[in-house]
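This report concerns only the one structure given below.
In my numbering, the protein residues as written are 191 to 536.
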């Protein structure tokens, strides 16, 4: 891809996200989301592979429909209340339409069908942008309108997303699809606590990004796209593959690692809100995700390919990305001891 075109696309992504996050008017928020959609399309289709073109087409159609629905929601609210302010979304129909529009943009169940297919058709670096950076503006809109949203609807969407994200990831052999269903499952955890504690949703999203970024970068470094090729990754960069297991277990939410923190806080908050059955259900559903994270970790670190050819091991990665990956790996594994500081600042 032309470096100037790539720079223009990335700059437009930053611009669109900044416009949406900082705006108070619905038209400006919609404009930022449209800039984001148009800026990511060249990055999705840059390989010119038919699968990439298909992914870009699907992404454009879905995001255009969601943006139109969001604009219709804001216009309906303005028609009945005379308010274009994002925080003044009060009409029930507008709130329902907005929840639907943002669910489509994020990939919450039952509007999740496009996300695994799009992620499968892109490179790992573009998939990283789709799974993290491009979810931040829609989540910001949900945070700004959270007092007006229907908690029952969000709880149903959240439990369905956590269930399907874990269940559908069980029989996947493509690492990008597994990470896509992992993203859907984590979105369920963010949505379930949105109305009761919006700050906790934001903390969960930040920690999810911290855990997902090093996994995508590691898989991109060892050039692994399928579970079958993952078993040979151990012979390429042993230290990086060893830490990949810890990152996957952190994403699963096992206690000594960073990923346990958001799940612990969400279950604690749900219990305070007298929603113990809901907390129990979503905690049990996270065990489905734990299974395919363990399978990924097993394939990456424990399984050795038969008759492996002896060759020189690549003990060092590219120096420009080594420090970047190392920093995120450390944060994704060892942030749990800093949780008292997070409590005091929030």
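Where is the CB? At the ideal position from N, CA and C, for every residue including glycine.
Q) Taking just the CA atoms, how far does residue 437 sit from residue 426? A) Against the chain shown, residue 426 aligns to sequence position 236. Against the chain shown, residue 437 aligns to sequence position 247. Roughly 18 Å separates the two Cα atoms.
Q.
What does the Cβ neighbour count give for residue 513, buried or exposed, with the cut at 16 atoms within 10 Å?
A. What you label residue 513 is simply residue 323 of the chain shown in a count that begins at 1. In the assembly as shown, residue 513 is an exposed residue. Its beta-carbon has fewer than 16 other beta-carbons within 10 Å.
Q. Pick from 316, 386, 400, 380: whose alpha carbon is nearest that of residue 392?
A. In the chain shown, residue 392 corresponds to position 202, counting from 1. It is 380.
Q) Can you name the residues that DSSP bridges to residue 275? A) Taking the first residue of the chain shown as 1, we reach residue 275 at position 85. For residue 275, which the question treats as bridged, DSSP gives the partners 215.
Q: Take the Cβ of residue 366 as the centre, count every other Cβ of all protein chains shown within 10 Å, and call the residue buried at 16 or more, exposed below.
A: The count along the chain shown starts at 1 and reaches residue 366 at position 176. When all chains shown are included, residue 366 counts as buried.
Q. What do you reckon, are the CB atoms on residue 336 and residue 388 nearer than 8 Å?
A. Reading the chain shown from its first residue, position 146 is the one you call residue 336. Reading the chain shown from its first residue, position 198 is the one you call residue 388. Contact flag set, yes.
**Q.** Test item: CB-CB of residue 394 and residue 343 under 8 Å
**A.** By 1-based counting over the chain shown, the position of residue 394 is 204. By 1-based counting over the chain shown, the position of residue 343 is 153. For the pair residue 394 and residue 343, the CB atoms are not nearer than the 8 Å cut-off.
Q) To the nearest whole angstrom, what separates the beta carbons of residue 491 and residue 435, a pair I think is in contact under 8 Å? A) Counting from 1 along the chain shown, the entry for residue 491 is found at position 301. Counting from 1 along the chain shown, the entry for residue 435 is found at position 245. With 8 Å as the limit, residue 491 and residue 435 qualify as a contact, their Cβ atoms being about 5 Å apart.
(Q) Can you look up residue 362 in the DSSP assignment and give me helix, strand or coil? (A) Position 172 of the chain shown, counted from the first residue, corresponds to residue 362. Three-state DSSP puts residue 362 in coil, outside helix and strand.
Q. How long is the line joining the alpha carbons of residue 268 and residue 260, rounded to whole angstroms?
A. Residue mapping note: residue 268 aligns to position 78 of the chain shown, counting from 1. Residue mapping note: residue 260 aligns to position 70 of the chain shown, counting from 1. Residue 268 and residue 260: Cα-Cα distance of roughly 12 Å.
Q) Alpha carbon to alpha carbon, how far is residue 328 from residue 206? A) Counting from 1 along the chain shown, the entry for residue 328 is found at position 138. Counting from 1 along the chain shown, the entry for residue 206 is found at position 16. Cα-Cα distance, rounded: 12 Å.
Q: Please work out which residues of its chain come closer than 6 Å, Cβ to Cβ, to residue 239, disregarding the five sequence neighbours upstream and downstream, and give them in chain order.
A: Here residue 239 corresponds to residue number 49 of the chain shown, with the count starting at 1. Within the same chain, residue 239 has no close Cβ partners at all.
Q. For the stretch 364-378 against the stretch 471-486, are there 3 or more C-beta pairs whose distance is under 8 Å?
A. With a cut-off of 8 Å, the stretch 471-486 and the stretch 364-378 count as touching, because enough Cβ pairs lie within range.
Q: Using the Cα positions of residue 497 and residue 416, report the straight-line distance between them to the nearest angstrom.
A: In the chain shown, counting from the first residue as 1, residue 497 sits at position 307. In the chain shown, counting from the first residue as 1, residue 416 sits at position 226. In this predicted model, residue 497 has a pLDDT of only 48, less than 50, meaning its place in the structure is not dependable enough to derive any value.
Q: Would you mind sorting residue 306 into buried or exposed? The rule is 16 or more other CB atoms within 10 Å of its CB.
A: As a position in the chain shown, residue 306 is number 116, starting the count at 1. If you draw a 10 Å sphere on the C-beta of residue 306, you find 16 or more other C-beta atoms in it, and that means buried.
Q.
Which residue wins for smallest C-alpha separation from residue 257, given the options 275, 271, 296?
A. As a first step, residue 257 is located in the chain shown; it is residue number 67 there, counting from the start. Closest in C-alpha terms to residue 257, from the list 275, 271, 296, comes 296.
Q. Taking the alpha-carbon positions, what's the residue 525 to residue 447 distance?
A. Walking along the chain shown from the start, residue 525 turns up at place 335. Walking along the chain shown from the start, residue 447 turns up at place 257. Roughly 7 Å separates the two Cα atoms.
**Q.** Reduced DSSP secondary structure (H/G/I, E/B, other) of residue 236
**A.** For the purposes of this step, residue 236 is taken as the residue at position 46 of the chain shown. Coil, per DSSP.
Q | residue 295 - DSSP class collapsed to helix/strand/coil | A | Taking the first residue of the chain shown as 1, we reach residue 295 at position 105. Residue 295 falls in the helix class under three-state DSSP.
Q | The alpha helix (DSSP H) enclosing residue 310, as first and last residue numbers | A | Here residue 310 refers to the residue found at position 120 when the chain shown is read from its first residue. Note, residue 310: alpha helix (DSSP H), 304-310.
Q | Terminal residues of the alpha helix (DSSP H) in which residue 313 lies | A | Locating residue 313 in the chain shown gives position 123, counting from the first residue. Counting along the chain, residue 313 sits inside no alpha helix (DSSP H), nor does DSSP assign it H or E at all.
Q) Looking at the structure shown, is residue 453 part of a helix, part of a strand, or coil, going by DSSP? A) On the chain shown, position 263 is the one that residue 453 refers to. Residue 453 falls in the helix class under three-state DSSP.
Q. From residue 237 to residue 488, what distance separates their C-alpha atoms?
A. For the purposes of this step, residue 237 is taken as the residue at position 47 of the chain shown. For the purposes of this step, residue 488 is taken as the residue at position 298 of the chain shown. So the alpha carbons of these two residues sit roughly 31 Å apart.
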